[in-house]
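Asker:
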Amino acid sequence: MENNNFSHATLCVQGGYTPQAGQSRIAPVVQSTTYRYDDIWHLQRVMTLQATGYKYSRTGNPTVTAFEESVRLLEGGAAAVATASGQAANLLALVNICRNGDHILAASTLYGGSFSLLNTTLPKFGITTTFFDPEAPLEDIAKLVQPRTRLIFAETIGNPGLNILDFDKIRALSQEYDLPVVIDNTLASPVLCNPLQLGAHIVTHSASKYIDGHGTSVGGIVVDGGNYNWDNGRYPDFTQPDPSYAGVSYTEKFPQAPFAYKARAHILRDFGACLAPQNAFLFNVGIDTLQLRMERHGNNARKLAVFLQNHPQVAWVRYPGLDEVGKERIARYFRADNGSGVLTFGVRGGLETIDRFVRHLQLATLVVHVGDARTSVLHPASTTHAQLSEEQLCAAGVLPEMVRISVGIEDADDIINDIAQALERSK
Ligand SMILES: *Cc1c(COP(=O)(O)O)cnc(C)c1O
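The sequence shown begins at 4 in this note's numbering and counts up by one.
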């Protein structure tokens, strides 16, 4: 479906796959590692990127293509590459741009896995990161730019700090230093926010969350906006000939989306973290209802947030749009009035109270997950963010008393009643 004038609600259901006469109505699972060709010359052209075509499912598969197309349309990008997980998506995006000796400027309010990738693992490969407070003034963040800085990385909604990014500030920084912006849009989902329209150049998702929506599969995706000019002398891997593909220069050969073509041909081929067709199929089914689910997640979460705000055992509540700054940013950057389904709150009484609260939940369950149709709770300080120091916890917006709820699409009153009775019994 090539009509980009369709709304997101329509693209969710119809985008990504258009059958020809006699073909299956929905994108089938093409459970095949490989693809047949008639002559060696045709396959040679495919292998050397002179012709398009599937060769081996590590670098492309028809079911995966339908998923990539669907998210590409929703994000308004030029091309997309699916990956085995959200972690693999962020890794792919970062190492597709950076090489040994390069530097990344990243928001301090990041998902725990992204923080450890940037803080611990990538430095072992010579790629270093300076973390910045996304609420700091532009001049302060700009002071952190180094000669080898190659990209800016942040999340639309910080997980689990739930701060909405000031896209205008990041765009100004990007323009001043001519740096590409990579945005992890997982918590907003492509129906609530489209960072490529707000100054970003690359968007990543953990598809395991809202895109799947049913807790069935781990996967990820990277969308190339096709809107960054890599031919500025600082990204030779994009402009110079790639010897492993008969001397292809990605900017010359694929000017509409050099980032995505290089990510697939080079990084996905060599690192191998590709998405399985079965998981792509489940994501395609999930996306059908993404718009509907996000509306429900947002409405339920807002109701629960308002309830918790007035609860004597609750010290504070965070939900995008409850405070003035968040409200203003949602109005400016989001396609909807609400945040997603994720909210956090502080429980009075310490760890033992939090444990009792979790034990008494009947509808919500304790799981390391967000974006599920089922309401989920987590205590980040003792789990996903347990490896962080106290200072790093503060910078990431993770307080010791903080409980995160990923509000599902069940009945709002049932969710509120469950949280209320568990709080009561946790006293
Ligand atoms: C979950 C998550 C990831 C990692 O994704 P996986 O699919 O679990 O590998 C990355 N970023 C954010 C914001 C996430 O919530």
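Using N, Cα and C, we set each Cβ at its ideal position, and we do this for glycine too.
Measure the alpha-carbon distance for residue 80 versus residue 98 and round it to whole angstroms.
Answerer: Those two C-alpha atoms are separated by around 20 Å.
Asker: In the structure shown, what three-state DSSP assignment does residue 349 receive?
Answerer: The answer is strand: DSSP assigns residue 349 an E or B state.
Asker: The beta strand (DSSP E) with residue 381 in it runs from where to where?
Answerer: Run containing residue 381: 379 to 381, per the beta strand (DSSP E) assignment.
Asker: Would you mind reading off the limits of the alpha helix (DSSP H) that contains residue 158?
Answerer: That residue, residue 158, is in no alpha helix (DSSP H); its beta strand (DSSP E) goes 152 to 158.
Asker: Pick from 359, 316, 272: whose alpha carbon is nearest that of residue 52?
Answerer: Ranking the options by Cα distance to residue 52, first place goes to 272.
Asker: Would you tell me roughly how many angstroms separate the C-alpha atoms of residue 350 and residue 426, rounded to the nearest one?
Answerer: Taking the straight line from one Cα to the other gives about 9 Å.
Asker: Please report the straight-line C-alpha distance between residue 184 and residue 417, rounded to a whole angstrom.
Answerer: If you take the alpha carbons of residue 184 and residue 417, they lie about 41 Å apart.
Asker: Does the separation of the CB atoms of residue 199 and residue 78 fall below 8 Å?
Answerer: Yes, Cβ-Cβ distance for residue 199 and residue 78 is below 8 Å.
Asker: Determine the closest residue to residue 428 out of 405, 359, 387, with distance taken between C-alpha atoms.
Answerer: Ranking 405, 359, 387 by Cα distance to residue 428 puts 359 first.
Asker: To the nearest whole angstrom, what separates the beta carbons of residue 167 and residue 323, a pair I think is in contact under 8 Å?
Answerer: Right, the Cβ-Cβ distance comes to about 5 Å (below 8 Å), so this counts as a contact.
Asker: I need the straight-line Cα distance from residue 299 to residue 376, nearest angstrom please.
Answerer: Distance between the alpha carbons of residue 299 and residue 376 is about 10 Å.
Asker: Work out the CA separation of residue 371 and residue 83 for me, nearest whole Å.
Answerer: Distance between the alpha carbons of residue 83 and residue 371: 27 Å.
Asker: If you run the structure through DSSP and keep just helix, strand and coil, what is residue 266?
Answerer: Here residue 266 sits in helix by DSSP.
Asker: For the region 303 to 314 against the region 329 to 346, do three or more pairs of beta-carbon atoms, one drawn from each stretch, fall closer than 8 Å, so that the two count as touching?
Answerer: The answer is yes - the region 329 to 346 touches the region 303 to 314, with three or more Cβ pairs under 8 Å.
Asker: Name the DSSP beta bridge partners of residue 227, please?
Answerer: According to DSSP, residue 227 bridges with 82, 205.
Asker: Decide yes or no for the touch test of the region 283 to 296 against the region 210 to 229: beta carbon pairs closer than 8 Å, at least 3 of them.
Answerer: These segments touch.
Asker: Which parts of the region 293 to 354 are runs of the beta strand (DSSP E), unbroken and 3 residues or longer, counting only runs that do not cross its ends?
Answerer: Counting only runs of 3 or more, we get 317 to 321, 345 to 350.
Asker: What I want to know is whether the C-beta of residue 162 ends up closer than 7 Å to one or more non-hydrogen atoms of ligand 1.
Answerer: The answer is yes for residue 162.
Asker: Under 7 Å: does the beta carbon of residue 187 sit that close to some heavy atom of ligand 1?
Answerer: Flag set: Cβ of residue 187 near ligand 1.
Asker: Could you say which of 181, 38, 71, 24 lies nearest to residue 264 if we only look at CA atoms?
Answerer: Comparing Cα-Cα distances from residue 264 to each of 181, 38, 71, 24, the minimum goes to 71.
Asker: Assess, as a yes-or-no matter, whether the region 152 to 172 is touched by the region 192 to 207 under the definition of 3 or more beta carbon pairs within less than 8 Å.
Answerer: Counting Cβ pairs under 8 Å, three or more are found: they touch.
Asker: How long is the line joining the alpha carbons of residue 37 and residue 62, rounded to whole angstroms?
Answerer: Those two C-alpha atoms are separated by around 10 Å.
Asker: Does the separation of the CB atoms of residue 399 and residue 388 fall below 8 Å?
Answerer: For residue 399 and residue 388, yes; Cβs fall inside 8 Å.
Asker: Pop quiz: residue 121 and residue 132 are said to be a contact at Cβ under 8 Å. What is the actual Cβ separation, rounded to whole angstroms?
Answerer: The Cβ separation is near 4 Å, so the contact holds.
Asker: Whose C-beta lies closer than 8 Å to the C-beta of residue 145 among residues of the same chain, with five residues either side of it excluded?
Answerer: Taken in chain order, the residues that qualify are 176, 179, 180.
Asker: Identify, in the order they occur along the chain, each residue of the same chain with its Cβ nearer than 6 Å to the Cβ of residue 95, setting aside the five sequence neighbours on each side.
Answerer: Closer than 6 Å at the Cβ level, and outside the excluded window around residue 95, lie 86, 225, 266, 270.
Asker: My guess is that residue 100 and residue 153 are in contact by the Cβ rule of under 8 Å, so how many angstroms apart are they, rounded?
Answerer: Indeed they touch by this definition, with Cβ atoms about 6 Å apart.
Asker: How long is the line joining the alpha carbons of residue 247 and residue 11, rounded to whole angstroms?
Answerer: Their backbone Cα atoms lie some 39 Å apart in a straight line.
Asker: Can you tell me where the alpha helix (DSSP H) holding residue 194 begins and where it ends?
Answerer: Residue 194 -> alpha helix (DSSP H) spans 192 to 195.
Asker: Sort 39, 58, 32, 275 by Cα distance to residue 69 and report the nearest one.
Answerer: Closest option to residue 69, Cα to Cα, is 32.
Asker: Sorted by chain position, which residues of the same chain lie with C-beta nearer than 6 Å to residue 110's C-beta, five sequence neighbours on each side aside?
Answerer: Counting only Cβ-Cβ distances below 6 Å, and skipping sequence neighbours, we find 137, 157.
Asker: In this structure, what does DSSP give as the bridge partners for residue 187?
Answerer: Its beta-bridge partners are 158, 207.
Asker: Measuring only the C-alpha atoms, how far is residue 268 from residue 314?
Answerer: So the two alpha carbons sit approximately 53 Å from each other.
Asker: Alpha carbon to alpha carbon, how far is residue 232 from residue 207?
Answerer: Cα-Cα distance, rounded: 19 Å.
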